[in-house]
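In this note's numbering, the protein residues as written are 1179 to 1239.
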């Protein structure tokens, strides 16, 4: 019984952790957007952050 439940629990925890990370990332981006006005250098920085986050998320999943 436990052998069947354990992988499912771990998988759900991993998905929940991924969701929390995604929410934190969005909040961080919004915070930076509020603090810094969008200038010509923040846009490339954001695209790099988003791309690296996407790569790390697909690497985890």
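Using N, Cα and C, we set each Cβ at its ideal position, and we do this for glycine too. Only a predicted model underlies this, so the values are computations on that prediction, with no experimental measurement involved.
Distance between residue 1181 and residue 1223, taken at the CA atoms: about 45 Å. Taking the Cβ atoms as the reference, residue 1209 lies roughly 15 Å from residue 1231, outside the contact range of under 8 Å. Closest option to residue 1207, judged by alpha-carbon separation, among 1190, 1227, 1196, 1189: 1227. Take the alpha-carbon of residue 1191 and the one of residue 1211: they are about 30 Å apart.
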